[in-house]
Amino acid sequence: MKKEFDDRADVYVINTCSVTDNADKECRQLVRRIQRKSPESLVVITGCYAQLKPKEISGIPGVDLVLGAAEKFNIATHLKELTKGDSTRISSCDIEEVSGFHASYSLNDRTRTFLKVQDGCDYGCTFCTIPMARGKSRSDSITNVIRNVKELAQKGVKEIVLTGVNLGDFGKGADGAKKAEESFYGLVQELDKVNEIERYRISSIEPNLLLEDIIRTVAGSKKFMPHFHIPLQSGSNEVLRLMRRRYQRELYAERVEHIKSLVPHCAIGVDVIVGFPSESDKHFQETFDFLHSLDISYLHVFTYSERDGTKALEIKPVVPVHVRHERNKALRNLSYMKMQYFTEQHRGQSRKVLFEGHQKNGMMEGYTDNYLRISTPYRAEWANQIVDWTIA
Ligand code: SF4
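Dropping the structure here:
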């Protein structure tokens, strides 16, 4: 039975991430909290950080079991063999040996669900540990994804967000081999035909994989929302080359222009990293000016931080930490202005909002098709419903 963290549970599973800077510290703190309130409970650590640093984690007092990327799906079997007080067990293998695909979805709120259709990544961006933590690119089959989508629709879900580590690379089987007959474009086409579900969003897609056919299908679809999230990471071609990204800024600009020419009201979100080694003031200014010139809606700004085992550690000179923070702030300000401008463009327009089911302080929230966040006093009849809404 699932419990809230503040309740007492027999087993606590901490699913760690390697993307946050403080994975180690956060994990230690959580384990300490569990030990204080429930010393008899079993503590299992899994996720990316567990795959990358199993020995380090097994040294945290109170941890009973560390499960790597392949083993986390066998958690029930491992638990049967475990008693509190045994020495910490590690069950993990080299990431190259990890294969198989396990579909999963979140179902906290019926309104919007995240459906995993792809995992792992075959790219080698020099700042990234994800391929080391999640393994090679693998995907679900289109048939299975459709089955899951229909199942979710039956549970009352209105919007499905398709997720993956490198979603545009969909089409490699559970063993990582490319299936000639399956691609992300094929998936989008097939999902568009499923009547039972009302809305899809694509969580994030690499610009080089966002092909013309995909843009065109989304532009003509009533189910795929006018919203793309496209990682850029840097607006300097020199930095992009050092990051080993698979495109240059010209391709990115061309994608954004094309999307906006077909769907002027489309929201476009951008991931960007500041303070990557060798990023000079001139490079940063190039990034800032480039983002400023693009017709985008918001930014997710990440401050570069060193990660063990990545090639970026060899790139010099490093950017001082205070400069990284200043650049982050400058881009967050730019993001705020972009969002204001994007919202301004839609004032007075009627758009469809999917309201979430829960209320907070008497208010409810939802998103328009093009990802504008709407907040309004709670009305029970709007919960988990799509409502015509005039943007004020
Ligand atoms: S494409 Fe994304 S997940 Fe893959 S290596 Fe690059 S940043 Fe990491």
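In our numbering, each residue's number is its place in the sequence shown (first place is 1) plus 177.
Virtual Cβ for every residue (Gly too), placed ideally from N, Cα, C.
Identified DSSP bridge partners for residue i
i, result
"Y282", "L292"
"D448", "P408 and H477"
"D565", "K529"
"T553", "M541"
"L244", "S268"
"F401", "Y377"
"N192", "T223"
Outcome for residue i when other beta-carbon atoms lying within 10 angstroms are tallied against a minimum of 16
i, result
"S269", "buried"
"C443", "buried"
"Y513", "exposed"
"K526", "Lys is not the amino acid found at residue 526; the sequence shown has Gln there. Under this definition Q526 is an exposed residue."
"C204", "buried"
"V496", "buried"
"A246", "buried"
"D546", "buried"
"N199", "exposed"
"S360", "buried"
"R432", "buried"
"T254", "exposed"
"S342", "In the sequence as presented, Ser is not what sits at residue 342; that position holds Val. Flag for V342 reads buried."
"S552", "exposed"
"G397", "exposed"
"T130", "In this structure the chain extends from 178 to 569, so residue 130 is not present and cannot be described."
"D317", "buried"
"C194", "exposed"
"S381", "buried"
"K506", "exposed"
"E427", "exposed"
"M541", "buried"
"F453", "buried"
"R122", "Nothing can be reported for residue 122, as the shown portion of the chain is limited to 178 through 569."
"V498", "exposed"
"F601", "Here the chain comprises residues numbered 178 to 569, so residue 601 is not present and cannot be evaluated."
"A474", "The amino acid at residue 474 is misidentified as Ala; the sequence shows Ser. Counting Cβ neighbours within 10 Å, S474 comes out buried, since at least 16 surround it."
Expected contact under 8 Å - CB spacing of residue i and residue j to nearest Å
i, j, result
"S314", "D346", "5 Å"
"E533", "D286", "6 Å"
"N561", "T288", "5 Å"
"K261", "I563", "With 8 Å as the limit, K261 and I563 do not qualify as a contact, their Cβ atoms being about 48 Å apart."
"L219", "D183", "Wrong, their Cβ atoms sit about 18 Å apart, outside the cutoff."
"V395", "V365", "7 Å"
"V338", "L292", "7 Å"
"I234", "I252", "Actually they do not touch by this definition, with Cβ atoms about 15 Å apart."
"A430", "L490", "Contact doesn't hold; Cβ gap of about 30 Å is too wide."
"I319", "E274", "Actually they are not in contact, since the Cβ atoms of I319 and E274 sit about 26 Å apart, beyond 8 Å."
"V208", "G236", "With 8 Å as the limit, V208 and G236 do not qualify as a contact, their Cβ atoms being about 11 Å apart."
"K529", "D565", "6 Å"
"S455", "I492", "5 Å"
"M309", "L229", "6 Å"
"N325", "Y282", "7 Å"
"A351", "G297", "Wrong, their Cβ atoms sit about 10 Å apart, outside the cutoff."
"I392", "L439", "7 Å"
Continuous alpha helix (DSSP H) assignments of at least 4 residues falling wholly in the stretch 315 to 364:
Whole alpha helix (DSSP H) segments, 4+ residues: 319 to 331.
Does the stretch 298 to 305 come close enough to the stretch 557 to 564 to have 3 or more Cβ pairs within less than 8 Å?
The stretch 298 to 305, when compared against the stretch 557 to 564, does not touch it at the 8 Å Cβ threshold.
Touch test, the stretch 412 to 422 against the stretch 371 to 382, Cβ-Cβ under 8 Å, three pairs minimum:
Judged by Cβ distances under 8 Å, the stretch 412 to 422 makes no contact with the stretch 371 to 382, as fewer than three pairs qualify.
Inter-stretch contact (C-beta, 8 Å, three-pair minimum) for the stretch 404 to 412 and the stretch 452 to 468:
At 8 Å Cβ cutoff, the stretches touch.
Can at least three beta-carbon pairs, one atom from the stretch 437 to 452 and one from the stretch 505 to 519, be found at a separation below 8 Å?
Between the stretch 437 to 452 and the stretch 505 to 519, the count of Cβ pairs shorter than 8 Å is three or higher; the stretches touch.
Spell out a yes or no on whether the stretch 448 to 460 and the stretch 477 to 490 are touching, meaning 3 or more CB-CB pairs, one atom from each, closer than 8 Å.
For the pair of segments examined, the stretch 448 to 460 was found to touch the stretch 477 to 490: the number of CB pairs separated by less than 8 Å reaches three.
Ignoring anything shorter than 4 residues, give me the alpha helix (DSSP H) runs that lie fully in the stretch 476 to 517, in order along the chain.
DSSP runs (the alpha helix (DSSP H)) wholly in the stretch 476 to 517: none.
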